[in-house]
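A short worksheet on the structure shown next.
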Amino acid sequence: MSLVEIDHLWRRFGDTVAVRDVSFSFDAGQVFGFIGPNGAGKTTTMRILAGLDEPSGGDCRVGGLSTIDDADRVACRLGYMPDDFGTYPNTTVAEYLDFFARAYGLRGAARRRAVADVVDFCQLGGLTGKLITALSKGMKQRLGLGRTLVHDPDVLILDEPAAGLDPRARVELRALIRLLAKQGKAVLISSHILADLDEI
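Quick note: the sequence shown, position 85, residue 78 per the working numbering, numbers continuous.
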């Protein structure tokens, strides 16, 4: 049994089939590239895996637990970075990460350590006091990755994380994703550009 299993997944919106009988699996320490053109159902599949949408048929499992029937138990094992993850522009980088650490139930020294760890890992050290509005697109993507990692999930779901990044920021992001896999994370990453995934 793999850590993450997508089993005959379907999603219909009225007469439109957004996800048609999708099955795949991947394990800890692996990066699974999910490629397809815009509108192919990648984001819908990822939202179902993240527990943010329900399938019309099929199931998703993480560690043998259904993301539908055991959503609360699965949620703490997942980190989801949507393609547009939204920020609070009048908050600093440190405040933003602290907010999400609190939202995941981290308290006291454990929360401070978790925030410090993601600041270090995502190379945000010189930016913690900056307002999010002052960040470049690449810095915002690193912040989004930090938010996704702050509760130390086993599985990362990254929806088009390289979209809109300049070449240097893409290289830096790929290096971070490879490092996460080496640390034992199971990573699902989507793109509509094959080269983005091929180089990971």
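Note that the Cβ used here is the ideal one computed from N, Cα and C, for glycine as well.
Contacting residues, own chain, Cβ-Cβ under 8 Å from residue i (five flanking each side not counted)
i: threonine 5; result: A small fix is needed here, since residue 5 is arginine in this sequence, not threonine. These residues qualify, in order along the chain: Ala11, Ser49.
i: leucine 158; result: Lys130, Gly131, Gln134, Leu166
Helix, strand or coil at residue i [DSSP, three-state]
i: arginine 5; result: strand
i: methionine 74; result: strand
i: threonine 194; result: Past the edges of the chain, shown from -6 to 193, lies residue 194, and the structure says nothing about it.
i: valine 112; result: helix
i: threonine 85; result: strand
i: alanine 11; result: strand
i: alanine 234; result: There is simply no residue 234 to check, as the chain begins at -6 and stops at 193 in what is shown.
i: proline 160; result: helix
i: alanine 94; result: helix
i: valine 143; result: coil
i: glycine 118; result: helix
i: glycine 32; result: coil
Nearest residue (CA-CA) to residue i, options the options
i: serine 183; options: Gly56, Ile61, Val24, Tyr81; result: Val24
i: aspartate 78; options: Ile150, Arg171, Leu181; result: The displayed chain sequence assigns phenylalanine, not aspartate, to residue 78. Residue Ile150 is the option with its Cα nearest to phenylalanine 78.
i: proline 154; options: Gly131, Lys175, Leu173, Thr80; result: Gly131
i: leucine 71; options: Ile170, Ala87, Ala43; result: Ala43
Residue i versus residue j - alpha carbon distance
i: tyrosine 73; j: glycine 137; result: 9 Å
i: arginine 163; j: leucine 117; result: 16 Å
i: cysteine 69; j: isoleucine 41; result: 15 Å
i: arginine 105; j: threonine 85; result: 15 Å
i: lysine 178; j: valine -3; result: 11 Å
i: serine 18; j: aspartate 52; result: 12 Å
i: isoleucine 28; j: aspartate 20; result: 18 Å
i: glycine 32; j: valine 15; result: 15 Å
i: leucine 173; j: valine 148; result: 10 Å
i: glycine 26; j: isoleucine 125; result: 29 Å
i: glutamate 88; j: leucine 169; result: 22 Å
Residues near residue i by beta carbon distance below 6 Å, same chain, minus five either side
i: valine 67; result: Val55, Leu58, Thr60
i: aspartate 152; result: Thr36, Met39, Pro75, Asp76, Ser183
Close-in-space but distant-in-sequence residues of the same chain around residue i (CB under 7 Å, 5 per side omitted)
i: valine 111; result: Leu90, Gly139, Leu142, Val143
i: serine -5; result: Ser18, Phe19, Asp20
Residue i - partner residues in DSSP beta bridges
i: glycine 50; result: Trp3
i: isoleucine 182; result: Gly26, Leu151
i: glutamate -2; result: Ser18, Arg54
i: serine 59; result: Arg54
i: leucine 124; result: Thr85
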